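Enquirer:
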Amino acid sequence: MLKILEYSIYYLREVKMKCNDRKSLLNRRPVLYTNPVQQMKYYLTELSDIIRNRRSIKPEHFNSRPIDKETLSALLENAKWAPTHGLTQPWRFTVFIGEGLAVLSDFQCETYKELAGKDKYNQKIYDKLKARPYLASAVIAIGMKRQASGKIPEIEEVQAVACAVQNMFLTATAMGIAAYWTTGGLTYKDEMNTFLGLEEADKCLGLFYLGNYDGEMPTSKRKEENYFVKWVTG
Ligand SMILES: Cc1cc2nc3c(=O)[nH]c(=O)nc-3n(C[C@H](O)[C@H](O)[C@H](O)COP(=O)(O)O)c2cc1C
């Protein structure tokens with residue numbers, strides 16, 4: 000019932016937005032772009048809010064409220080609309096939910112134990128690798144499938160997958176879902192590729208933890224434009 004109400008409000012807002020003329024769209028005072036000459040197609044304020052309010056929330060802060068499969072599919076659906084050179088669509092996602100989280104947990108801690116050997120073994124790392132998947136509602140392993148011909152440079156395939164992850168991240172933010180992308184643990188180990196059914200040329204790019212979250216979104220900061228942009232004007 001709540002969901003129907005939520006969707007109805009969303010639908011009405013969308014219809015209202017489509018009916019609004021350009022002037023009223025501009026009245027919303029977009030955060031990033033206030034040039035009245037520029038045609039506005041979507042609510043830029045909302046988009047900017049989602050981008051700027053996206054935060055990494057570690058699974059230790061998730062609550063136990065589950066995320067349904069339909070919602071996860073909606074995230075994955077948005078992921079696939081990322082740009083991809085040559086339309087190779089190199090992303091491969093393995094989604095661990097329910098008992099699948101135990102499969103990931105067992106793999107992580109037991110493989111760590113084997114690889115670390117007696118000398119390097121650390122019980123705290125083992126415990127963390129074991130516990131983490133259970134804290135999440137879902138964990139998506141991020142894979143990059145190398146194009147058979149190898150025509151598209153590998154870096155571009157990695158970039159495309161990163162764009163797909165950001166699509167999921169922003170979608171999660173819009174849905175009020177907490178997410179965390181980690182490249183720790185066994186991400187770059189051959190054993191991870193085997194576990195995920197990836198081949199030697201493919202790459203695991205990390206784990207994407209998803210869960211619900213009750214706390215306030217943490218704040219963050221970024222450097223000013225002059226730190227990362229060089230304008231060439233002539
Ligand atoms: C590819 C990638 C890998 C990451 N791996 C880790 C990680 O292993 N451990 C970690 O604490 N954070 C990891 N992060 C999250 C960053 O620490 C986080 O994005 C950064 O602190 C900025 O915070 P924000 O995402 O909330 O803006 C990773 C982020 C990216 C993009």
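For the sequence shown, numbering that gives the first Met the number 0 assigns the number 0 to the initial residue and increments by one for each residue that follows. Where a beta carbon is used, it is the ideal one built from N, C-alpha and C, also for glycine. Model, not experiment: these values are computed from the prediction.
Taking 6 Å as the limit between beta carbons, can you name the residues of its chain near residue 190, skipping five residues before and five after?
Expert: Locating residue 190 in the sequence shown gives position 191, counting from the first residue. Cβ neighbours of residue 190 beyond the five flanking positions: 110.
Enquirer: Identify, in the order they occur along the chain, each residue of the same chain with its Cβ nearer than 7 Å to the Cβ of residue 112, setting aside the five sequence neighbours on each side.
Expert: The residue given as residue 112 occupies position 113 in the sequence shown. Once the five neighbours on either side are set aside, the close Cβ partners of residue 112 are 120 and 125.
Enquirer: Would you give the residue range spanned by the beta strand (DSSP E) that residue 177 belongs to?
Expert: As a first step, residue 177 must be located in the sequence shown, where it is residue number 178. It spans 177-181 - the beta strand (DSSP E) in which residue 177 sits, taken as one unbroken run.
Enquirer: Note down, in chain order, each residue of its chain lying with its Cβ closer than 7 Å to the Cβ of residue 219, except the 5 sequence neighbours on either side.
Expert: Translated into positions along the sequence shown, residue 219 becomes position 220. For residue 219, where only same-chain residues beyond five positions count, the Cβ hits under 7 Å are 54.
Enquirer: How would you write the range of the beta strand (DSSP E) that residue 210 sits in, first residue to last?
Expert: Stepping through the sequence shown from its first residue, residue 210 is reached at position 211. It spans 202-210 - the beta strand (DSSP E) in which residue 210 sits, taken as one unbroken run.
Enquirer: Considering only heavy atoms of ligand 1, does any lie closer than 7 Å to the CB of residue 64?
Expert: Stepping through the sequence shown from its first residue, residue 64 is reached at position 65. It does not: the Cβ of residue 64 is nowhere closer than 7 Å to a heavy atom of ligand 1.
Enquirer: Please report the distance separating the alpha-carbon of residue 222 from that of residue 50.
Expert: On the sequence shown, residue 222 is found 223 positions in, with the first residue counted as 1. On the sequence shown, residue 50 is found 51 positions in, with the first residue counted as 1. In a straight line, the C-alpha of residue 222 is about 15 Å away from that of residue 50.
Enquirer: Report buried or exposed for residue 136, applying the criterion of at least 16 other Cβ atoms within 10 angstroms of its Cβ.
Expert: The count along the sequence shown starts at 1 and reaches residue 136 at position 137. Answer is buried; the Cβ neighbour count reaches 16.
Enquirer: Any residue with its C-beta under 5 Å from a non-hydrogen atom of ligand 1 counts. Can you list them all in chain order?
Expert: Residues flagged by the Cβ proximity filter: 54, 55, 180, 181, 182, 183 and 219.
Enquirer: Going by the DSSP bridge assignment, what does residue 141 pair with across the sheet?
Expert: The residue labelled residue 141 in the question sits at position 142 within the sequence shown. Answer by DSSP bridge pairing, in chain order: 92 and 205.
Enquirer: DSSP state of residue 104, grouped into three classes?
Expert: Locating residue 104 in the sequence shown gives position 105, where the first residue counts as 1. Here residue 104 sits in helix by DSSP.
Enquirer: Quick check on residue 148: does DSSP put it in helix, strand or coil?
Expert: Your numbering for residue 148 matches position 149 in the sequence shown. Residue 148 falls in the coil class under three-state DSSP.
Enquirer: Any idea if residue 216 is buried or exposed, counting beta-carbon neighbours within 10 angstroms, 16 or more meaning buried?
Expert: If you number the sequence shown from 1, residue 216 lands on position 217. Exposed, since its Cβ has fewer than 16 Cβ neighbours within 10 Å.
Enquirer: Tell me where the alpha helix (DSSP H) around residue 47 begins and ends.
Expert: For the purposes of this step, residue 47 is taken as the residue at position 48 of the sequence shown. Note, residue 47: alpha helix (DSSP H), 43-52.
Enquirer: Per DSSP, what are the beta-bridge partners of residue 55 in this structure?
Expert: In the sequence shown, residue 55 corresponds to position 56, counting from 1. Answer by DSSP bridge pairing, in chain order: 178.
Enquirer: Tell me whether residue 228 sits in a helix, a strand or coil according to DSSP, three-state version.
Expert: Mapped onto the sequence shown, residue 228 falls at position 229. Residue state, collapsed to three classes: coil.
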